[in-house]
Amino acid sequence: MEFRASNTSYTIFLIFIFIVYCTSSAKGAPTLEATPLEPLLAVAGDSVLIDCVVKNLQNYTIIWRRVVPGSNKTEILSAGEVRIIPDPRFSLLHQKGHETWVLQVQKAQVNDSGRYICEVNTSPRMQIYRLLSVVERTPSNSKAFPVDHNYTSCCVNHKVPASCQEFCSLQSVIMGGHPNPWQCMDHLPVITKCLTDGRNHMPCCVKQNIPEICRSVCTGDYGLTTVLQHYSCMDHTIPTLSCIAEGIELLPGPPQEVSVEPLSDTELKIKWVPPHQDIPIEKYNISIKLVRELSDLQEMESGMADQKKMSKMPEVKKLGASSSVKSLMRVLVDGNKTSYVASGLLPVTMYEVQIISENSHGSSMPTPAARALTLASPDESDATASNSSETYFAHLPNITRCCEEKGVPEGKCLRSLCDPSDDEDTK
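Taking our numbering, the leading residue of the sequence shown gets 382, the next gets one more, and so forth.
The structure is reproduced here in C-alpha cells:
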C-alpha cells in the first residue's frame, strides 16, 4: 500500500514537471538572437538609432547600458521605456506589441562612441553588445558610411579558397553562421591582412580597451595561436571589427611600388606611387635606417680599411638587442609628393627605407622595406681602385662565396650577378 501511494506521488510529480516544461516551452524564453550585430558608424551631430530585437520578452524588462570608457563598469541609460540617464539626448523608442527596442541618441558626440548593452533582466541576465563609433564631421566623411567592407579580390589574389571566402566580407564576418569556420584557420593570417587593408587600426583598438593579447589583428597580423587566446578575444571581436570598419573609411593606405636608387655616394632617391585607396593624405613619414650588417650569421670581412670605415659611422640607437638595423633619420614629406632625395648619407652603405601615409585621423601600416646601396666616393674610388672591394665592401657579406655555395656557375655569370665590386661586369 505504501509502495502504491509512493508510486502515485512520483507519477503526479512527473506530470507536474511535464506540464511546467510544456508551458515553458510553449511560451519560450526571451531571446536576443534576432538583434543585428553590425557596428554602427555615425558622424558627430547626427541622430543614432541603436536597435535591439527581443523575442518572448514576457514580463521581463529591457535595460540599456553603456560601458564606461576606460573601464569594465556600466551605467544604466534606460529601463523599460523610462530614461534613467539625465542626458536628454538619450531616449527609448518602442511600439507596444513590437519586439524592437531602440535606443535613440540625438546630436551624437564623439565621446558617445563605445559599447552599448541591450539587457534582459532574466536570471542569469541576457546581454548583447552594440558598437557605436562617432567621428568628427569633415568634408571627407560628410557622405554616409557604408557598413560593409568587401575584400574578396584581395583574398582571391592571396589564394584563399572559395570555401573560405565568406570571411572576405566584413558584413559576412559580423553576421557569422559559417558552417565550418575551423577549416579556414590556416587562411586567417592572409584574410586578416586583407581585412585591415594596410591601415593602422591600433590607436582605435587601444581606445576601445581591447586587451593587448587581441590587438595584433588591428594591424593585420593574426597572432592568435592558442585556444586560450581565441577564447579570451571572442568578446572583443565586435569592437575590433568596428575599429576596422571606421578605419577603412578614414585612414590612408600605404604607398605602392616603393623603390630606392643611388644618386651619388651620399644620396638616395626614394620614389613611390600613391595608395590605391581614395582617402586624403596629408604627409608621408619616411624612415631611413642604416643597415650595419645584412645578417648576423654572415661573416664580416676584416682589415684596417674596414675598421677605419666603421669608425666613421655615426653612433645611433639600436632597435633591439639582436637587430642589425639601426635607426638613422625620419623625414616628413608633403602628401602630394611622390619622391624624395635623402642626402648626407655614408658612401657604399646599405640603407633600408619604409614609408607610412598619414592624415588627421591616423596612419597606414609601414610599406615593406626597400634597400639600396649608396655609391662609392669618387675621390676614394680613384685613390684606391686596386683594392676597392676591400675598402668599401668590407662590411658587406661575401656575396660571391654565397653564390658559389648555391651553385652559380663560375665566369661571367658569377662576376656580373654576385660581385658588386666588379664595375665592368655589373654595369
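The beta carbon of each residue, even a glycine, is placed where N, CA and C say it ideally should be.
All values reported here derive from a predicted model rather than from experimental measurement.
(request) Pull up the distance between the alpha-carbon of S504 and that of I466, whole angstroms please. (result) Looking up residue 504 in the sequence shown gives position 123. Looking up residue 466 in the sequence shown gives position 85. Distance between the alpha carbons of S504 and I466 is about 24 Å.
(request) Express the C-alpha separation of W653 and L631 in angstroms, rounding to a whole number. (result) By 1-based counting over the sequence shown, the position of residue 631 is 250. By 1-based counting over the sequence shown, the position of residue 653 is 272. Taking the straight line from one Cα to the other gives about 21 Å.
(message) Tell me which residues share the same chain as K664 and place their Cβ nearer than 7 Å to its Cβ, disregarding the 5 neighbours each side in the sequence.
(response) Numbered from 1 along the sequence shown, position 283 holds the residue referred to as residue 664. Result list for K664: L713, V714, D715, G716, E739, in chain order.
(message) I need the DSSP call for S757, collapsed to helix, strand or coil.
(response) Within the sequence shown, residue 757 is the residue found at index 376, counting from 1. A small correction: the amino acid at residue 757 is Ala; Ser does not occupy that position in the sequence shown. Here A757 sits in coil by DSSP.
(request) With a 10 Å radius around its C-beta and 16 neighbouring C-beta atoms as the bar for buried, classify M566 as buried or exposed. (result) The residue given as residue 566 occupies position 185 in the sequence shown. The residue is exposed, with fewer than 16 neighbouring Cβ atoms inside 10 Å.
(request) Assign N502 to one of three DSSP states: helix, strand, or coil. (result) In the sequence shown, the residue the question calls residue 502 occupies position 121. Reduced to three states, the DSSP call for N502 is coil.
(message) Taking a contact to mean a Cβ-Cβ separation below 9 Å, would you say A410 touches S514 in this structure?
(response) As a first step, residue 410 must be located in the sequence shown, where it is residue number 29. As a first step, residue 514 must be located in the sequence shown, where it is residue number 133. Result no, Cβ atoms of A410 and S514 do not sit closer than 9 Å.
(message) Does V587 pass the burial test, meaning 16 or more other C-beta atoms within 10 Å, or should it be called exposed?
(response) For the purposes of this step, residue 587 is taken as the residue at position 206 of the sequence shown. V587 comes out exposed.
(message) To the nearest angstrom, how far is the alpha carbon of A723 from that of A425?
(response) As a working note, residue 723 is residue 342 in the sequence shown. As a working note, residue 425 is residue 44 in the sequence shown. Distance between the alpha carbons of A723 and A425: 41 Å.
(request) Going by CA-CA distance only, name the one from G579, L418, C575 that's closest to H539. (result) The count along the sequence shown starts at 1 and reaches residue 539 at position 158. The option with the nearest alpha carbon to H539 is C575.
(request) Would you list the residues sitting across from I431 in a DSSP beta bridge? (result) Along the sequence shown, read from residue 1 onward, the residue named residue 431 stands at position 50. I431 is bridged to L484.
(request) Figure out for me which residue from V486, I660, V554 has the closest Cα to the Cα of G579. (result) Residue numbering aside, residue 579 sits at position 198 when the sequence shown is read from its first letter. Comparing Cα positions, the closest option is I660.
(message) Give me, in chain order, the residues of the same chain whose beta-carbon lies closer than 6 Å to that of P417; leave out the 5 immediate sequence neighbours on both sides.
(response) Here the question's residue 417 lines up with position 36 in the sequence shown. There are no such residues.
(request) Identify every residue that forms a DSSP beta bridge with M731. (result) Taking the first residue of the sequence shown as 1, we reach residue 731 at position 350. As computed with DSSP, M731 is found in a beta bridge with L754.
(request) With DSSP as the reference, label L458 as helix, strand or coil. (result) Walking along the sequence shown from the start, residue 458 turns up at place 77. Strand at L458.
(message) For V729 and T533, I'd like the C-alpha separation in whole angstroms.
(response) Position 348 of the sequence shown, counted from the first residue, corresponds to residue 729. Position 152 of the sequence shown, counted from the first residue, corresponds to residue 533. Answer to the nearest angstrom: the Cα atoms are 44 Å apart.
(request) Give me the Cα-Cα distance between I780 and M731, rounded to the nearest whole angstrom. (result) Along the sequence shown, read from residue 1 onward, the residue named residue 780 stands at position 399. Along the sequence shown, read from residue 1 onward, the residue named residue 731 stands at position 350. Computed Cα separation, rounded: 14 Å.
(request) Using 10 angstroms around the beta-carbon of G495, count the other beta-carbons present and answer buried if the total reaches 16, otherwise exposed. (result) Indexing the sequence shown from 1 puts residue 495 at position 114. By the neighbour-count rule (16 or more Cβ atoms within 10 Å), G495 is buried.
(request) Can you give me the start and stop residues for the beta strand (DSSP E) that L422 sits inside? (result) Numbered from its first residue, the sequence shown carries residue 422 at position 41. 421-424 is the span of the beta strand (DSSP E), which, as asked, contains L422.
(request) For V501, count neighbouring C-beta atoms within 10 Å of its own C-beta (all shown protein chains included) and say buried if the count is 16 or more, exposed if not. (result) Counting from one through the sequence shown, the residue named residue 501 turns up at place 120. Burial call: buried.
(message) If distances are taken between C-alpha atoms only, which option among K477, L438, K650 comes closest to L667?
(response) Here residue 667 corresponds to residue number 286 of the sequence shown, with the count starting at 1. Rather than Leu, the amino acid found at residue 667 in this sequence is Ile. With distances taken between CA atoms, I667 lies nearest to K650 out of K477, L438, K650.
(request) Could you check if W482 is buried or exposed, using at least 16 other CB atoms within 10 Å of its CB as the buried criterion? (result) Here the question's residue 482 lines up with position 101 in the sequence shown. Classification of W482: buried, given that the 10 Å Cβ count is 16 or more.
(message) Here's a check: name, in chain order, each residue in its chain whose Cβ is nearer than 6 Å to the Cβ of N437, leaving out the five neighbours to either side.
(response) The residue you call residue 437 lines up with position 56 of the sequence shown. Result list for N437: G409, P411, in chain order.
(message) Applying the 10 Å Cβ sphere with the 16-neighbour rule, what's the burial state of V516?
(response) For this step, residue 516 is matched to residue 135 along the sequence shown. When all chains shown are included, V516 counts as buried.
(request) Taking the CB atoms as reference points, tell me whether N531 and M746 lie closer together than 9 Å. (result) Taking the sequence shown and counting its residues from 1, one reaches residue 531 at position 150. Taking the sequence shown and counting its residues from 1, one reaches residue 746 at position 365. In this structure, M746 does not lie closer than 9 Å to N531 by Cβ.
(request) Determine the direct distance from the alpha carbon of D602 to that of A460, and round the result to whole angstroms. (result) For the purposes of this step, residue 460 is taken as residue 79 along the sequence shown, with counting starting at 1. For the purposes of this step, residue 602 is taken as residue 221 along the sequence shown, with counting starting at 1. Rounded to whole angstroms, A460 to D602 spans 41 Å at the Cα level.
(message) Quick check on the DSSP output: the alpha helix (DSSP H) that includes S623 runs from which residue to which?
(response) Along the sequence shown, one-based indexing puts residue 623 at 242. Start and end: 618-631.
(request) Starting from P534, trace the alpha helix (DSSP H) both ways and give me its first and last residue. (result) To locate residue 534, count along the sequence shown from 1; it is residue 153. Residue identity differs from the one stated: residue 534 is Ser in this sequence, not Pro. That run of the alpha helix (DSSP H) goes 533-538.
(message) What would DSSP say about L569, mapped onto helix, strand or coil?
(response) Sequence index remark: in the sequence shown, residue 569 carries index 188 (1-based). Helix, per DSSP.
(message) In the DSSP output, which residue or residues are listed as bridge partners for Q508?
(response) Locating residue 508 in the sequence shown gives position 127, counting from the first residue. E500.
(message) Beta-carbon within less than 6 Å of R506's beta-carbon, same chain only, minus the 5 sequence neighbours each way: which residues are those?
(response) Mapped onto the sequence shown, residue 506 falls at position 125. Correct list, in chain order: E500.
(request) Consult DSSP for I651 and reduce its assignment to one of helix, strand or coil. (result) Looking up residue 651 in the sequence shown gives position 270. Strand.
(request) Just grab the DSSP bridge partners of G743 for me. (result) Position 362 of the sequence shown, counting from 1, holds the residue named residue 743. Per DSSP, N740.
(request) Run the CB neighbour count on K454, radius 10 Å, all protein chains shown included, and call it buried at 16 or more, exposed below. (result) For this step, residue 454 is matched to residue 73 along the sequence shown. Exposed: under 16 other Cβ atoms inside 10 Å.
(request) Thinking E480 and V449 are a contact (beta carbons under 8 Å), I'd like their distance in whole angstroms, please. (result) For the purposes of this step, residue 480 is identified with residue 99 of the sequence shown, where counting begins at 1. For the purposes of this step, residue 449 is identified with residue 68 of the sequence shown, where counting begins at 1. The Cβ separation is near 28 Å, so there is no contact.
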